Each structure stands twice: as C-alpha cells, then as structure tokens.
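Trainee: Just so you know, we're using our numbering here: the sequence shown kicks off at 1324 and counts up by one.
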Amino acid sequence: MQTTFTKKQLQDNNVNSSEKIIRKCVHCGFCNATCPTYQIAGDELDGPRGRIYLIKDMLEKNKPANEKITKHIDRCLSCYSCMTTCPSGVNYMHLVDHARNHIEKTFVRPFFDRFLRALLSKILPSPTLFRMAGYSVRLFYPFRFIFPKKIKNMLKYMPNSFPKSAYANQEIYPATGKTYAKVALLTGCVQRVISPQINDSTINVLNRHGVEVLVPKQVECCGSLNHHLGKEDLAHKSFINNINAWFKLYEEKNLDAILVTTSGCGTTLKDYGYIFRDHEDKEIRNKAKIISSLAKDVTEYLGKNIKLNFKTQDKKFKIAYHSACSMQHGQKLHSQPIDLLKKTGNDIFEIPDGHLCCGSAGTYNLLQDQMAAELLKRKVENINKVNPDFISTGNIGCITQISSGTKIPIVHTIEVLDWYTGGEKPKAIS
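1) Of the choices Arg-1701, His-1551 and Val-1528, whose alpha-carbon is the least far from that of Ile-1629?
2) Pick out the complete alpha helix (DSSP H) segments inside the stretch 1346-1384, 4 residues or longer, and give them in chain order.
3) What does Tyr-1496 pair with, by DSSP beta-bridge criteria?
4) Taking 8 Å as the threshold (C-beta atoms), are Ala-1643 and Phe-1599 in contact?
5) Is it a yes or a no for the stretch 1383-1394 touching the stretch 1352-1363, going by three-plus beta-carbon pairs under 8 Å?
6) Just mark Lys-1708 as buried or exposed, buried being the case when its beta carbon has 16 or more other beta carbons within 10 Å.
7) Report the CB separation of Tyr-1496 from Ile-1517 in whole angstroms; it is logged as a contact under 8 Å.
8) Mind checking Ala-1491: buried by the 16 CB within 10 Å criterion, or exposed?
9) Is the separation between the beta-carbon of Gln-1334 and that of Asn-1385 shorter than 8 Å?
10) When burial is assigned at 16 or more other CB atoms within 10 Å of the CB, is Gly-1720 buried or exposed?
11) Check each candidate in Ile-1722, Val-1506, Gly-1728 and Val-1431 and name the one with the smallest Cα separation from His-1645.
12) Please work out which residues of its chain come closer than 6 Å, Cβ to Cβ, to Thr-1590, disregarding the five sequence neighbours upstream and downstream, and give them in chain order.
13) Using 10 angstroms around the beta-carbon of Gly-1296, count the other beta-carbons present and answer buried if the total reaches 16, otherwise exposed.
14) Taking the CB atoms as reference points, tell me whether Val-1419 and Cys-1399 lie closer together than 8 Å.
15) Alpha carbon to alpha carbon, how far is Lys-1505 from Arg-1531?
16) Helix, strand or coil, according to DSSP, for Phe-1599 in the structure here?
17) Below 8 Å, can you find three or more Cβ-Cβ pairs linking the stretch 1613-1625 to the stretch 1537-1544?
18) Roughly how many angstroms lie between the CA atoms of Ile-1469 and Leu-1452, to the nearest whole one?
19) Would you please state the rounded distance, in angstroms, between the beta carbons of Lys-1815 and Asp-1712? I believe it to be under 8 Å.
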C-alpha cells in the first residue's frame, strides 16, 4: 500500500513503524475472510483491510480521531486472525495498538463511554478492587433493572462467589524432591480472584515435576488491559514495574522462564521487547527484550521442557479444545496444548471454525456486548457440533465468556493436566 508520510512524520518511531506495516498491505482482502467482525457486519470498515485504510488516513494526515474511526477500531477484537491469514506478513497487532493510543489522545468519547472505560481500567487490573466491586454488586443486583443495558450486561459476568486458593499467598513454591528448574508465574489479576484453581493446578504440575515456582508480589496485572484500551501511560507503568520485578528475580534466581496461564497476557508479555524497542532508557530496553524472551505459555513450556508423568483414569472423555485467539494467532501456539491433552488418553476434538473468536477479547464482551453476543452464539453452536463431555482452553476470558452461553463444563487446560498427573479432578467436571 502506497503511503505519503513526510520525512518529519517518519522521525516519530511509532509512525515510522506503522508506515512500514501499512506498506506491506497489498489490498488482497484475505484478512476479511477470517475476520469475525467482518463476517457478522459485512462492512469493509469492520474488517482489517478497511481499518488499515482508516488508520493510514488518520496517521498520514496527522488528524485527530473522529467518531467513525473510533467506532470501527473499537469494534476490532484484536483476535489477530488476520495476521495468521495475511500472506504479506502485515503486523496488524502493532498497527492497531498505535491507532488505539492515537484515539485515546485525540478523541473525546461521550461521557458514559469514558466513565465505563475508566472504571474497567481501574477495577479489572486490581484484584483488591475487583473483589470489592464483586461484593458491592451483590448488594444492588436485585435492583439491576434500573441500570442502563450495558451496565446490566456487565453485571452478569460478575461471579457470585470468590473461591479461595488451596495455597497460602507466598512467593516461593518449592519443587517436590530435586529441583530441576526455576520459573516465575504470572498469577493474573481477574484470574486469581475468580479462578484461583488455575494457578493452583499450575503450581501442582510444576512442583510435582521438579520445578520451583516463584511469584513476586510486586507483579499484579500484565498491563494488557490498559494497553488495549489505548491507555498507554497506565499500561507502561505496569509494564515497567513487571519488567523490573522479573528481571531482578531473573538475576537473583537464574530463572528458566516466566510462565503465563492466560494467553492474552502471554501475547503482551512476549511483546514487551517491541513495545520498549525505542525507549529512552537503554536499561529498560534490554530488560524488556530479555523478559519477552523468557515469557512462555505454560503448555508451551511443559511441552518443550518437562516429561509429564501421566496417570490412567477409569473413564475416557470427549474433550473439545477451544484455541483462544491470543494463543493461536497472537502467540502462534495451537498444536502444543492439543498434543499435551492427547497424552491424557482422552479423545480431543477441535471446534469447527476454531479460528474465529468467542467474543471475549479482554473487555470486548463488556464494551461491545451485541457483537460479542453474536460471536458467542456462533461459538456455542460450533461446540455443540462436537458434543463434548467438557471443553478445555487456555484463557480465563474465554472460559468466562463461553460458560455464559452453554452448560457444558469448561476448564483450563492446566487443570486437566494436573488431574491426569496426580491432582484432583476439576470441580467444574465433577
């Protein structure tokens, strides 16, 4: 795609990077064939190619974002299915991130939208605030009919209870027997509050196989939520905090990896190096690059580094594997979790049209509820074609979204691996 950025504009590193991405686009439209929002809306501007044109026009003319541009960029899930499809290697992820930052800086949203986004930006990344919000919701849930539709939609995703972790809140979880490796674990923000069993299962599997797990208390949110809301300053504050905390641990404990059990977070961690590629502080640049190289999805790490000791179970299950977008398109990991699940001896099935998003996408199902509801409906229909005993996936957002549309149990892949290597059967399946 031809561009007309000026030399002065290209002195800005973000503009320069985006210009190179835009020039790779050859207008082929293959991306639209696998874009979930284009499949639903049928609007060129709700597909990657159309969004690239909007972003190009906005950045090239150095103009503030307007309502039209904001509407279509907001409708983007950041599922990155287009990047898997693109024959030209267009890095849409980095381009749309730049666009969101530009929108946040130059466009004044309606008050209600600003309020909701600010609320989500503060509450979701903080386990303490999220738990407090959950308890508060219980009080006024009976009066939810008085709230706007979007607020009522958000309330339905708030859990009724907050289960407790089987572990004490500690920083070191020693391996059982001889220690073969040391890893840091990102326990997440929302995940640790609503599904602590995911982190428990991760620690179980790793400790059981000779891996010491370290959980630095300085790290809470990976920063991806604010990153995708275009709140660059808040996101970078989280990024730098995490980079410094993990790097200190890396030097002191000789970490083998930083493990992530939420694939959306993993995609962002692996991008820290790119995000800070031009940072004025050389030390942060170097640290970010190292942290990105250490970041691994838990199934990616187990598949490459650990020989799991699987135990035979009495019953054979039919499991549908939901490949989260951030896993298969963002991190380019698809076969690894499936291969591990197959070693349990169960029948593993991929969901038809599995490349299409379930509609979760971070805060997407909260801010774009109508589009998310249609995507959920289609996902559930495809799951029903498999007719599984339960569903396995690697992302808490997908678990929350899909469970709101089906009664079929859904669990994290690591819970299944824990169960089949000596742990307890997940409560969701019992």
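Beta carbons: idealized from backbone N, C-alpha and C, even for Gly. Predicted model, so just to flag it, every value in this text is computed and none were measured.
Mentor: So, to answer that:
1) For the residues Arg-1701, His-1551 and Val-1528, the minimum Cα distance to Ile-1629 belongs to Val-1528.
2) Listed in chain order, they are 1353-1356, 1359-1364 and 1371-1383.
3) Val-1536, per the DSSP bridge assignment.
4) The answer is no: Cβ separation not under 8 Å.
5) These segments do not touch.
6) Result: exposed.
7) In this structure Tyr-1496 does not touch Ile-1517 by the C-beta definition: roughly 21 Å separates them, more than the 8 Å allowed.
8) The residue is exposed, with fewer than 16 neighbouring Cβ atoms inside 10 Å.
9) The answer is no: Cβ separation not under 8 Å.
10) Looking at its Cβ environment, which holds 16 or more other Cβ atoms inside 10 Å, Gly-1720 is buried.
11) It is Ile-1722 whose Cα lies nearest to the Cα of His-1645.
12) Around Thr-1590: Ser-1649, Gly-1653 and Gln-1654.
13) Because residue 1296 is not part of the residues shown, which for the chain are 1324 to 1753, the question remains open.
14) Note that the C-beta distance between Val-1419 and Cys-1399 is below 8 Å.
15) Near 13 Å, if we compare the C-alpha coordinates of Arg-1531 and Lys-1505.
16) Looking at Phe-1599 - three-state DSSP - the assignment turns out to be coil, as it is neither helix nor strand.
17) These segments do not touch.
18) About 23 Å.
19) Given that the chain is displayed from residue 1324 to residue 1753, the structure contains no residue 1815 and the question cannot be resolved.
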